[in-house]
Each structure stands twice: as C-alpha cells, then as structure tokens.
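Residue numbers (the working numbering), protein chains in the order written: chain A, 67 to 451; chain B, 67 to 451.
Structure first, commentary second.
Structure representation (structure tokens):
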C-alpha cells in the first residue's frame, strides 16, 4: 500500500490524564548544561526491510530520522538493537549517555542497577507508549525524567484490537490454514464462527486506547462494558453506550470477549491468573495488546487447552522478543503476532516526530507537553502507580 | 465462545430495494396443489463438527432444523451435500422435487438443463443471500419462483469485510507466521503495516452490505467513497460521510483499499480484469466477499505477484469448493478463507428461520416478504440484471 503520509498531523492532542500537575520548577534533566549530549537509541533492527519503505523510521536503521538533525547540532547519536547481557552495545554506553531512547517493541530494560551506573543520565524517552520496561521507582529516586509520546500510537493499537476481536469471533485462522493446505471444509470453520453483533465486550481499562476501541465498536451493536478506576465522563459514556463496571469480578462473567487495556503495574502484574480466568465465561475470547506480564503465562496456556479460553490474541509477550519455546506460540486457538500494533508506519511517523520535539525542548530547557511525563521531579504518573 | 443466541430477533427488516413491485397475482409455485411436497436441501457436510454446536443448523446434518416440522406435515425432505456430476445424489431427485433449497457456501448449480428436467419444480430457495448459482433467466422462463433470505447475513458479511480490511492494512498474517515458526522479526511486519485511519476506502456497490460496512468504518476516520448505480439517500450519506463516485474508473485510482460489494451479474462477471486492476493505486488492498467470478482469476494472481495489488482477501472463489490447485491459494499477500463470512452461527439461525417462514407461506399459498423475491412471475430482481 503506497500511501501519502503526513507526519504533521501526527501528534494527537488528548486531554491530559497523566495525573501530574503542571509545575514551573524543572527537574535536573531540563537544567542540563548546554553542549554536546550523548544520546543512545535502542530500536529493532530491520536488515533487508529497512530500505523497503522511506517512512520506516522506527527501526535501528531509520533511527527515528533524527540523526542528521542531532549531529548537525553537535550531539552524539548511538543507535543499536543490542540490548541484553553484560557485553551488549547498550552496556558500553550506560556510563556516559545523557539520554536513552527506547521502545516497547524491542524493550531496553532499564533496571535500577543500570540507572545507578548511568551517572550522566538525565532523560529516558519512550518512542511510543508504555514505559514499564523502565524501573520507574528507581528513575524517580534518581531524579530522572521519563517521558513517552503519549497518544502517538493509541489509534494504531485500538484498530489492531478490533481486528483481533474479529479474527477470534469469526474464527478466521482455521479458514486461512485450509486455504494454504489445499483444503475446503466450511463446517470446520463455521461451527464456531459468530457475528460480533449482539455479543458482550468488556474492556479492562478504559484509558485512551480503551476509549478509542469502544468508539470503534459502537456501530457493531454489541453490549459494551468497561472496568476502570474511574467512570468516564458522561458524554463519552453516552457516545459509546458503554456501561461502567466498578467490580472487575462482576464484569468478567458477563463478557463474551475481554480486552485488556490496562498498563502493567505492580497491581496488574499477573492479574489474569488461573482464578481470574476461571471467573470468565467458558469459551471467552481474550485480546491483550497491553502487556504480556498482565497474564499468568501458564494459566493462559492451560485455559486455551481446556477450552475455558476459546481464543487468545495479542501482540505482547513476556519477555520480548518471545523465545522460540514460548508456550503461547503453540497453544490452541491463538492468534498472536510479535509486538507490532503500536509500530505501524503511521505510528512511527508520529512517535518519531514526538521524540524529536521533546529532544528539541530538552536542548532548549523547555517543558514537555504535560501529558507526556511518566516520571517528573521524583513523581510517577498516576496510571503507573 | 458459548453465547445466548436469539433466533427471534434474527430476520432484520430492511427497506425493500428488490425492485419488484407488489402484486396480488401469485406465480405457479404459490398456487401449488396441496399435499405432500418433495423438498431437497443441498448443504455442506459437517461430519465431526456437526455435533459440536447445537445451533449449527446450516450444515447437511443440521438441515436448517426443519426436518421434524416438514415431516410432521407429511412432506418428504431429502438433504445432501452431493451436488456435482451425473450420478450425484441431487441428480436423482431433479425429476420429481418440488422445492430446492441451496446455499452460496456450497452452491448447487441450477442450470437451464437441470431446470428443464425438473418437471415438478416450483420453488428455489437460497438459504442465505446470493442466488447467482441459479440460472435466473431460465428460472424466470420456466415460471419458477426464486427467493433468498434477504438481509439474513448482511451484518455477518460486513463485519467480515472490516476484519479483512484490517488484516491487510495491519499486515497481520506475516506476524502470525513468525509466531508459529518460532521467529521474531518486528521489522519484517512493520515495514508495510499501516493504520486504517486516514486511508481512502472505496466500496464498489453500496447495497445492504456496502452500507453496513460504511457505517462500521465511520469511526475509523477514513475517506469513504462508494460507487453504485444510484446515490444513497442523503441521510445515510451524511451519517457515513461517504462520497458518491458515479464513475468507477474515476474512483479506483483514489482508493488505498477497494471492497467489492456488487452481485455477480453479466455486467460484473470478470469486471476486475487486468485493465481495471491497472487503474488502481500501486499496492492497493482488495477485499472481495461478493463473488469470485467478479475477478479475473489470473489477473489477480499476476497483480499480487507484481505488487500492483498489495494484499487480497476474501472468501469467495470460482468455482466453489476451490480446487486444491486454485492459484489464489498460493499467490503472495493473500488472506483468503473458504466461503464462510455469511454462514456464522448467528447467520445460520437467521436464514434457517427465514427459509422455514417461506416454506410455511408456500404451503399456505401466502406471499413471501417482498424483498426476498429474486425471480417472481417471470421477472428478475433489478440487482441481478
């Protein structure tokens, strides 16, 4: 698909819900001394795919399209995909980097230990949305600033979730397998293919992505439910027709389809364990583009095998990249992909523009868009608490 | 997914667009003499899948759930999946059947020759929507009535089309292949994965299914175009924001995604040949759940191979079942399935109820719902002309 893409309309403006109030006192990073900075970016390598699309900015080769701009200002810009183990390329730069740019798609895990050794580190930027690969408490304690390109790929992820809902409800993959294996057996697909219309879809979390999903689900005439800490404003609730469920355990048994749209926090890590999955309808379909670690890996495998889960689709795993023997690769009724939903070409253009904007502000000592802050002046944004 | 399904709300009411005006003069079939009728149903066989779902009515074993009802009234009901060749089961019953029930999913091709030999035939019912497997001219000339369960699966098909659009735009299948083959290469997917937002989607045909698709596309913030013989009523045009394109050749070059939503007629057979496909954008994505014969089979293969078509998805083929060596099974960037979109469990419940309703009216000498008629009193419905 050769499309005209406009990076200019990229960064969407959303009402801030970061929970960080405005402040004119800048953190250490924004008082950074002028002069050359060492910036390290960790992105997935594209190899032969790098040259196939001029807008492919999110890979190591594309390097967000900011190399020339950075270097022309005298900054040093190291980009690598090599992020694991004591001898990796990233490790070499930990002691003297000022800024680390990472992504959720190929996460550079920023541990407390790495933060301690990064004496010059001031700023951690996530190219995309989702900074749980960073030890936020340790970052806050060290006075670092952590920021994302909030909103840069929420549409991308919400669209992808709706695709996965349909793939599971319609039982797409067994049909595709028949095609490529020379078979034709309509019954083998149809006996468990349904319309989405009339089904009950519940989202666990109704932040930016959850709300966009609900808006896109609206014309499908489903029963829409959402669980969150807070009720949506009445206008949006009215617009989507979604019903608030204060108690997650009360919502789960009602849902034909459950979509996970909550950040990974200490509260949500392993939330969907054997007990939680047992509360759901037999044959429930689950879509999870949030984070793999929100699920108990083995509980998902067991429930897919027993039929308690009728289908599981998502693009998030723990760890990432998923090892060759990750059991979700081989469980029945899965429709998984690598971590991809937030890194469409359109999303890359937006988060590349957002990172460049924040770097520019950082060099100039200016504040970031408020909703981008994840850690600021020792405080962690409320959605990560 | 274990769901409560209500057949009662099944048959949707749509404004009639069949183009056949009401008439109190009944055709031969509706003057049929009272007494026992021989009814033959041709459905796909489900074998081991038949018992897996009590609502699986659309298979030969399920037989639309009307056997007991028919036999209790003294009618004979033969059901088979064996529909091809001179010695097939269907052929045995051609000389003396009164009613033939067939489906688009496993089409019993009703040729002029078969109609000539079917001396007792009065009524041809399509369980579903799409009666192009019947020679409608020959049926009209013979004074037969042909009727579908109009509207019974239009939601099912429209949902499936949106799924296929997303599967192609998001480049889903290469990611899934990586998962099951133990790989992880985000770049190999991302270099041609896009958001649907902002893209131009054109539907060729904006009848019932096309309109439902446009309604479901509305929240995705695309540029929506439609080509049809007639402009939609302004309210619906306004509601979907879709723009009318009178000239198909003028619409095609604007579209990132083209969806085929036109019946198969003499005008549309082979419509998308090499020349037509060449008018589209390089890398266009095509979704076709209408009929396989609307495409020139080899032109699609060639364009997928050259990259002129960036992705092709649909569930319709010519002929059906698609032979093992059908080239669409093996062309690049396809996301095909067997003919499945209109035979979800929900759709089966609706079209089974609709067929039962029409048989009941036939036995009682009552008129069918007007929009269901495809051939009546020698006239063919306008959408098939």
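By construction, the Cβ of each residue, glycine as well, lies at the ideal position given by its N, Cα and C atoms.
Values in this document were obtained by computation on a predicted structure and should not be read as measured data.
request  = May I ask which residues mark the beginning and end of the beta strand (DSSP E) holding residue 289 of chain B?
outcome  = Taking the first residue of the second chain as 1, we reach residue 289 of chain B at position 223. 289-293 is the extent of the beta strand (DSSP E) around residue 289 of chain B.
Residue 213 of chain A: first and last residue of the uninterrupted beta strand (DSSP E) it sits in = Counting from 1 along the first chain, the entry for residue 213 of chain A is found at position 147. Counting along the chain, the unbroken beta strand (DSSP E) around residue 213 of chain A starts and ends at 211-214.
task = From the DSSP output, in three-state form, read off residue 375 of chain B for me.
result = The residue given as residue 375 of chain B occupies position 309 in the second chain. The DSSP-derived three-state label of residue 375 of chain B is strand.
query = If you count every other CB in all the chains shown that lies within 10 Å of the CB of residue 96 of chain B, and 16 or more means buried, which is it?
reply = Within the second chain, the letter at position 30 stands for residue 96 of chain B. Confidence at residue 96 of chain B is low in this model, with a pLDDT of 47, below 50, so its placement is unreliable and no value can be given for it.
request  = Kindly give me the distance between the Cβ atoms of residue 411 of chain A and residue 121 of chain A, rounded to whole angstroms, as I take these residues to be in contact under 8 Å.
outcome  = Taking the first residue of the first chain as 1, we reach residue 411 of chain A at position 345. Taking the first residue of the first chain as 1, we reach residue 121 of chain A at position 55. With 8 Å as the limit, residue 411 of chain A and residue 121 of chain A qualify as a contact, their Cβ atoms being about 5 Å apart.
request  = Could you tell me which chain A residues have their CB closer than 7 Å to the CB of residue 222 of chain B, listed as they occur along the chain?
outcome  = One-based indexing of the second chain puts residue 222 of chain B at position 156. Per Cβ cutoff of 7 Å: 261.
Separation of residue 226 of chain B from residue 219 of chain B, as counted between CA atoms = By 1-based counting over the second chain, the position of residue 219 of chain B is 153. By 1-based counting over the second chain, the position of residue 226 of chain B is 160. So the two alpha carbons sit approximately 11 Å from each other.
task = Return the CA-CA distance between residue 235 of chain A and residue 229 of chain A, expressed in angstroms with no decimal places.
result = Locating residue 235 of chain A in the first chain gives position 169, counting from the first residue. Locating residue 229 of chain A in the first chain gives position 163, counting from the first residue. If I take the Cα positions, the gap works out to 10 Å.
key: Identity of the residue in A:440, A:171, A:260 nearest residue 224 of chain B by Cα   = As a position in the second chain, residue 224 of chain B is number 158, starting the count at 1. Among A:440, A:171, A:260, the Cα nearest to that of residue 224 of chain B is on A:260.
query = Smallest Cα separation from residue 195 of chain A: which of A:149, A:392, A:355?
reply = Indexing the first chain from 1 puts residue 195 of chain A at position 129. Minimum Cα distance to residue 195 of chain A is reached at A:355.
Three-state secondary structure (DSSP) of residue 338 of chain B = Counted from its first residue, the second chain places residue 338 of chain B at position 272. Correct three-state label for residue 338 of chain B: strand.
request  = Please state if the CB of residue 102 of chain A and the CB of residue 141 of chain A are separated by a distance shorter than 8 Å.
outcome  = The residue you call residue 141 of chain A lines up with position 75 of the first chain. The residue you call residue 102 of chain A lines up with position 36 of the first chain. In this structure, residue 141 of chain A places its C-beta atom within 8 Å of the C-beta atom of residue 102 of chain A.
message = Can you tell me whether residue 247 of chain A is helix, strand or coil according to DSSP?
response = Looking up residue 247 of chain A in the first chain gives position 181. Look at residue 247 of chain A here: in three-state DSSP terms it is coil, with no helix or strand label.
inquiry  = Which residue wins for smallest C-alpha separation from residue 104 of chain A, given the options A:210, A:162, A:117?
reply    = Your numbering for residue 104 of chain A matches position 38 in the first chain. Residue 104 of chain A has its Cα closest to that of A:162, out of A:210, A:162, A:117.
ask   = When the distance is taken between beta carbons, is residue 147 of chain A closer than 8 Å to residue 110 of chain A?
value = Residue 110 of chain A sits at position 44 when you count from the first residue of the first chain. Residue 147 of chain A sits at position 81 when you count from the first residue of the first chain. Note that the C-beta distance between residue 110 of chain A and residue 147 of chain A is below 8 Å.
Coil, strand or helix - residue 307 of chain B by DSSP = Along the second chain, read from residue 1 onward, the residue named residue 307 of chain B stands at position 241. Residue state, collapsed to three classes: coil.
key: Contact check, residue 397 of chain B vs residue 379 of chain B, beta carbons under 8 Å   = Within the second chain, residue 397 of chain B is the residue found at index 331, counting from 1. Within the second chain, residue 379 of chain B is the residue found at index 313, counting from 1. Contact: no.
Any chain A beta carbon closer than 8 Å to residue 352 of chain B = In the second chain, counting from the first residue as 1, residue 352 of chain B sits at position 286. No - not a single Cβ of chain A is within 8 Å of the one on residue 352 of chain B.
query = Taking any Cβ of chain A, which residues in the segment 124-146 of chain B have a Cβ under 8 Å from it, in chain order?
reply = Answer in chain order: 124, 125.
query = Is the shortest distance between the beta-carbon of residue 194 of chain A and the beta-carbons of chain B less than 8 Å?
reply = For the purposes of this step, residue 194 of chain A is identified with residue 128 of the first chain, where counting begins at 1. It does not: the Cβ of residue 194 of chain A has no partner Cβ on chain B nearer than 8 Å.
ask   = Closest by CA to residue 395 of chain B, which one among A:204, A:248, A:114, A:212?
value = To locate residue 395 of chain B, count along the second chain from 1; it is residue 329. Taking only the C-alpha atoms, the option nearest residue 395 of chain B is A:248.
inquiry  = On the DSSP bridge list, what partners appear for residue 351 of chain A?
reply    = Residue numbering aside, residue 351 of chain A sits at position 285 when the first chain is read from its first letter. Looking at the DSSP assignment, residue 351 of chain A forms a beta bridge with A:323, A:377.
ask   = Given a threshold of 16 other Cβ atoms within 10 Å of its Cβ, counted over all protein chains shown, does residue 407 of chain A qualify as buried or as exposed?
value = Locating residue 407 of chain A in the first chain gives position 341, where the first residue counts as 1. Residue environment analysis places residue 407 of chain A among the buried positions, since at least 16 neighbouring C-beta atoms fall within 10 angstroms of its C-beta.
Cutoff 6 Å; reference residue 297 of chain B; Cβ partners in own chain excluding five residues on either side = The residue you call residue 297 of chain B lines up with position 231 of the second chain. Answer for residue 297 of chain B: 310, listed in chain order.
ask   = Which residues bound the beta strand (DSSP E) around residue 145 of chain B?
value = Residue mapping note: residue 145 of chain B aligns to position 79 of the second chain, counting from 1. For residue 145 of chain B, the uninterrupted beta strand (DSSP E) segment begins and ends at 142-146.
message = With H, G and I counted as helix, E and B as strand and the rest as coil, what does DSSP make of residue 279 of chain A?
response = What you label residue 279 of chain A is simply residue 213 of the first chain in a count that begins at 1. The three-state reading of DSSP puts residue 279 of chain A in helix, counting H, G and I together.
query = So, residue 359 of chain B versus residue 373 of chain B, is the Cβ gap smaller than 8 Å?
reply = On the second chain, position 293 is the one that residue 359 of chain B refers to. On the second chain, position 307 is the one that residue 373 of chain B refers to. No, Cβ-Cβ distance for residue 359 of chain B and residue 373 of chain B is not below 8 Å.
query = Counting only beta-carbon atoms, is residue 374 of chain A nearer than 8 Å to chain B?
reply = Residue numbering aside, residue 374 of chain A sits at position 308 when the first chain is read from its first letter. No, no contact with chain B.
ask   = Below 8 Å, can you find three or more Cβ-Cβ pairs linking the segment 197-210 of chain A to the segment 438-448 of chain A?
value = These segments touch.
query = Can you tell me the Cα-Cα spacing of residue 323 of chain B and residue 313 of chain B, whole angstroms?
reply = Sequence index remark: in the second chain, residue 323 of chain B carries index 257 (1-based). Sequence index remark: in the second chain, residue 313 of chain B carries index 247 (1-based). Taking the Cα positions, residue 323 of chain B is about 17 Å away from residue 313 of chain B.
task = Tell me, please, which residues DSSP counts as bridged to residue 268 of chain A.
result = Numbered from 1 along the first chain, position 202 holds the residue referred to as residue 268 of chain A. For residue 268 of chain A, which the question treats as bridged, DSSP gives the partners A:291, A:324.
ask   = If the cut is a Cβ gap below 7 Å, which residues of chain A does residue 257 of chain B touch?
value = As a working mapping, residue 257 of chain B is identified with position 191 in the second chain. Under the 7 Å cutoff, chain A gives 112, 115, 118, 119, 122.
Where the beta strand (DSSP E) through residue 104 of chain B begins and ends = Numbered from its first residue, the second chain carries residue 104 of chain B at position 38. Here the beta strand (DSSP E) through residue 104 of chain B covers 104-108.
task = Note down, in chain order, all residues in the segment 301-315 of chain A with a beta-carbon under 7 Å from any beta-carbon belonging to chain B.
result = Flagged: no residues at all.
key: Inter-stretch contact (C-beta, 8 Å, three-pair minimum) for the segment 127-142 of chain B and the segment 274-289 of chain A   = A contact between stretches requires three or more CB pairs, one per stretch, nearer than 8 Å, and the segment 127-142 of chain B fails this requirement with the segment 274-289 of chain A.
ask   = What residue range is occupied by the uninterrupted alpha helix (DSSP H) comprising residue 422 of chain B?
value = Walking along the second chain from the start, residue 422 of chain B turns up at place 356. Start and end: 411-430.
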